[in-house]
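Notes for the one structure printed next.
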Amino acid sequence: MSILNVIIDQREGDLDVASAELIAAARPAGEVNAIVLAGAEKAQAWGARLGELGVQKVFYRAQEGTEDLFEVTDLQFIHHVVYHYSQGSVVLAHTAEGGDIAGRLAARLGSGVLTDVVALRADGSAQQSIFGDKVTITAAVGGACPVYTVRPGAVEPEENPQAGAGELCPVDFVAQEAPGARVLSFTPAVKGDRPELSQAKVVVAGGRGVGEEENFHSVLEPLADALGAAVGVTRDVVDLGHYPAQFQIGQTGATVSPDLYIGAGISGAIQHTSGMQTAGTIVVINNDEDAPIFQIADLGVVGDLFDVLPALTKEIESRR
Numbered sequence: 002m003s004i005l006n007v008i009i010d011q012r013e014g015d016l017d018v019a020s021a022e023l024i025a026a027a028r029p030a031g032e033v034n035a036i037v038l039a040g041a042e043k044a045q046a047w048g049a050r051l052g053e054l055g056v057q058k059v060f061y062r063a064q065e066g067t068e069d070l071f072e073v074t075d076l077q078f079i080h081h082v083v084y085h086y087s088q089g090s091v092v093l094a095h096t097a098e099g100g101d102i103a104g105r106l107a108a109r110l111g112s113g114v115l116t117d118v119v120a121l122r123a124d125g126s127a128q129q130s131i132f133g134d135k136v137t138i139t140a141a142v143g144g145a146c147p148v149y150t151v152r153p154g155a156v157e158p159e160e161n162p163q164a165g166a167g168e169l170c171p172v173d174f175v176a177q178e179a180p181g182a183r184v185l186s187f188t189p190a191v192k193g194d195r196p197e198l199s200q201a202k203v204v205v206a207g208g209r210g211v212g213e214e215e216n217f218h219s220v221l222e223p224l225a226d227a228l229g230a231a232v233g234v235t236r237d238v239v240d241l242g243h244y245p246a247q248f249q250i251g252q253t254g255a256t257v258s259p260d261l262y263i264g265a266g267i268s269g270a271i272q273h274t275s276g277m278q279t280a281g282t283i284v285v286i287n288n289d290e291d292a293p294i295f296q297i298a299d300l301g302v303v304g305d306l307f308d309v310l311p312a313l314t315k316e317i318e319s320r321r
């Protein structure tokens, strides 16, 4: 049976939904092991939960305090585990960090790499959704240990408990290459009360039509809070400096696949729609009835967002 090594890189908080998605994505292709980069304490705490998700073995660094946040050290540790203990394919999240490690790891393993995968298959091939999710293809690469990065939100996590799963496997590891710098301190980004964008079940997004920065706070965010939703924006909003880049949806931002997507003041350029058109239900508000985004909408409202959004927020709040 093929072995797939899922990389768990959750350094803060509890085991997240994204890690469960990676495990669910890998399961159809073979036996799933986990390589935890977050340190011994968290790996030990997560062993039982990872077993419930279908992980057979949990590899982690035996020496506490070796997680120094440098990708070069993570890369060496992953390669060490795969080469010596768990030879097989490697599955990472399709993020900036995941993509950076994937390419270099594939080179070390002498195997190919497939990025932005939406499904893995038992024969080692992978499904990809390309050209703005308009075309679905099946691709495969060579080598004994192919590397895959999986799109966040592409696979639903699910329980898969098995007898003997979640075996803890400490690994003695000393980095061979100095990273050239040391982390003296680390301040994590402050997380708000809203859900993480890539994992949210409901997303409220705004485009250039929302206008000035203040409008996002006074019109868009109240609707998101009424729905318990994450806030997203288009690239031009970020370029104008009206909202932080971490909330950008699209080809150069986050890919989201919520149950409900509400877009206001968004024209529907492919740069944005490629990152959200797999949403379960798409609702859009735009005063231009010819806006391209209406072509992918399940429900479209032609109207002024400054009238529609406050009225919608008020109605939702009245029913809570």
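For the sequence shown, our numbering begins at 2 and goes up steadily by one. Every residue gets a Cβ at the ideal spot worked out from N, C-alpha and C, and that includes glycine.
Burial check for Leu300: the Cβ neighbour count within 10 Å stays below 16, so the residue is exposed. Put simply, of Leu16, Phe132, Ile317 and Ala164 the residue whose alpha carbon is nearest the alpha carbon of Asp226 is Ile317.
If you draw a 10 Å sphere on the C-beta of Arg12, you find fewer than 16 other C-beta atoms in it, and that means exposed. Per DSSP, reduced to three states, the secondary structure at Ser219 is helical. In terms of CA proximity to Ala231, His218 leads the group Leu241, His218, Asp240 and Arg28.
Straight-line measurement puts the Cα of Asp289 at about 49 angstroms from the Cα of Val33.
When secondary structure is reduced to three states using DSSP, Asp117 falls in the strand class. With contacts defined as CB atoms closer than 8 angstroms, Leu38 and Asp75 qualify as a contacting pair. Under the three-state reduction of DSSP, Pro171 is assigned to strand. The criterion of a C-beta distance shorter than 8 angstroms is not satisfied by Leu54 and Ala30. For Gln57, the enclosing beta strand (DSSP E) has its first and last residue at Val56 to Arg62.
With fewer than 16 neighbouring CB atoms inside 10 Å of its own CB, Ser319 falls in the exposed class. Counted as a single uninterrupted DSSP element, the beta strand (DSSP E) harbouring Thr282 occupies residues Thr282 to Asn287.
Secondary structure of Gln200 (DSSP, three-state): helix.
Arg122 counts as exposed, since fewer than 16 other beta carbons sit within 10 angstroms of its beta carbon. For Leu16, the three-state secondary structure derived from DSSP is coil. Straight-line measurement puts the Cα of Asn216 at about 43 angstroms from the Cα of Val114.
Between the C-alpha atoms of Ile297 and Val284 there is a straight-line separation of about 9 angstroms. When the five nearest sequence neighbours on each side are left out, the beta carbons in the same chain lying within less than 7 angstroms of the beta carbon of Ser130 are those of Val119 and Thr137, in order along the chain. Taking all protein chains shown into account, Ala94 has 16 or more neighbouring C-beta atoms within 10 Å of its C-beta and is therefore buried.
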